[in-house]
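Please read the structure below before turning to the comments.
Numbering (my numbering), first residue to last: 1214 to 1606.
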């Protein structure tokens, strides 16, 4: 098989994933031109990481919920509630910053267990449970804060979202530590990709030609190291990026290589078949929502640390941004399909569009219209892709 034929086959066989990455590249190019290169400046790229990290964290949990055939409308309110609990403990209660972090995480786990109970064991649809949760947890936020904002957090707490790791290995005009961390990440990715390819070859599955495989790794490495260089020449490695990277790696492993992950896909893909296969559907559904509460708590900590305050209106519309990131990133409306990586790309597409339009001075109402149209087109593409696949059979 020739390289060109191989490339064409890989694209058409994986048109959902291919379309996401192509759209992402085109959007970056478009807004880079429209903003005269400001979008890709070192300062702006660092700001992108800091401003949209909590949406990406929410998207990790949301994509698991969507793969399982559910939806969670309460995550924005949970972000507000967990941030409020942390503020009451740290600011009003004058406790150490880490006590506030633990209190927020505990609150998120309790929220997840509460919602998971109603969905998994009572059998109420997740849409209704989380809609009620959206109202319930927003009201609790108002009660916890007495309807006023609390600020400021101590510097140790705010450094979770606004801190940087730099100067650890020196560097003249750039941060060596940032480059080393990214280089290690690239090497780890290349090794994992090689192992996966070798395993597919052993099972006689279709793989890309060696030239295409190497070319893909070179391109990815070049893009990642270019991004690392931009961070290294500004303020170094954002602490929140480390948190996000760890979460992405952990949950990629969970969804792809764990029993829990396979059961989530099974439930979302075919509930009846999953039950007949012995999958403990209630338990899996319960832990899906516990996990979502945990990640919403992390997002709440990051958001409150970023703003150095807990506000009654915090997290407003965050659930819609997280849901949009998942669907734009290739998750299926009906469940059973989606990846953590795809959700991250979908979230980055939303982030680049929002940031690019802000740099252009586009008003907020127009931004909402554009994001709504993009979401609609992403779901329409998913529907079209399913019809195309069904017709091919």
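Backbone N, C-alpha and C fix where the C-beta goes; we use that ideal spot for every residue, glycine too.
Is residue j closer than 8 Å to residue i when the C-beta atoms are compared?
i: residue 1555; j: residue 1543; result: yes
i: residue 1551; j: residue 1482; result: no
i: residue 1392; j: residue 1435; result: no
i: residue 1340; j: residue 1290; result: no
i: residue 1558; j: residue 1241; result: no
i: residue 1532; j: residue 1287; result: yes
i: residue 1371; j: residue 1521; result: yes
i: residue 1505; j: residue 1336; result: no
i: residue 1332; j: residue 1468; result: no
i: residue 1269; j: residue 1457; result: yes
i: residue 1303; j: residue 1366; result: yes
i: residue 1396; j: residue 1430; result: no
i: residue 1446; j: residue 1387; result: yes
i: residue 1497; j: residue 1473; result: yes
i: residue 1514; j: residue 1317; result: yes
i: residue 1560; j: residue 1248; result: no
i: residue 1420; j: residue 1410; result: yes
i: residue 1258; j: residue 1444; result: yes
i: residue 1271; j: residue 1519; result: no
i: residue 1253; j: residue 1245; result: yes
i: residue 1292; j: residue 1464; result: no
i: residue 1477; j: residue 1284; result: no
Roughly how far, in whole angstroms, is the beta-carbon of residue i from the beta-carbon of residue j, given that I think they are within contact range, below 8 Å?
i: residue 1500; j: residue 1329; result: 7 Å
i: residue 1282; j: residue 1480; result: 6 Å
i: residue 1526; j: residue 1300; result: So it is not a contact: roughly 14 Å between Cβ atoms.
i: residue 1563; j: residue 1538; result: 6 Å
i: residue 1541; j: residue 1591; result: 4 Å
i: residue 1599; j: residue 1334; result: Their Cβ separation, rounded to whole angstroms, is 32 Å, which puts residue 1599 and residue 1334 out of contact at 8 Å.
i: residue 1572; j: residue 1251; result: 5 Å
On the three-state DSSP scale, how would you describe residue i?
i: residue 1286; result: coil
i: residue 1365; result: coil
i: residue 1430; result: helix
i: residue 1378; result: strand
i: residue 1556; result: helix
i: residue 1422; result: coil
i: residue 1214; result: Because the pLDDT at residue 1214 is just 43, under 50, the model does not fix this residue reliably, and the point stays unresolved.
Should residue i be flagged as near chain B, meaning a C-beta pair shorter than 8 Å?
i: residue 1501; result: The structure shown has no chain B; it contains just one protein chain.
Touch check for the segment 1501-1515 and the segment 1315-1322: three-plus C-beta pairs under 8 Å? They touch, by the three-pair rule.
Could you name each continuous alpha helix (DSSP H) segment of 4 residues or more that falls completely within the segment 1278-1341, going from the start of the chain to the end? With a minimum length of 4 residues, the continuous alpha helix (DSSP H) runs that stay inside the segment 1278-1341 are 1288-1300 and 1310-1329.
Is the segment 1393-1409 touching the segment 1338-1356, taking contact as three or more C-beta pairs under 8 Å? Touching, no, given that fewer than three Cβ pairs across the two stretches are closer than 8 Å.
Is the segment 1484-1491 touching the segment 1578-1585, taking contact as three or more C-beta pairs under 8 Å? Counting Cβ pairs under 8 Å, fewer than three are found: no touch.
Counting only runs of 4+ residues fully inside the segment 1494-1579, write out the alpha helix (DSSP H) ranges in chain order. Counting only runs that start and end inside the segment 1494-1579, the alpha helix (DSSP H) elements of at least 4 residues fall at 1494-1520, 1531-1541 and 1553-1572.
Counting Cβ pairs, one atom from each stretch, are 3 or more of them under 8 Å apart for the segment 1374-1389 and the segment 1450-1457? Remark: three or more beta-carbon pairs, one from each stretch, lie closer than 8 Å, so the segment 1374-1389 and the segment 1450-1457 are flagged as touching.
Between the segment 1355-1372 and the segment 1411-1425, can you find at least three pairs of beta-carbon atoms closer than 8 Å? The answer is no - the segment 1355-1372 does not touch the segment 1411-1425, with fewer than three Cβ pairs under 8 Å.
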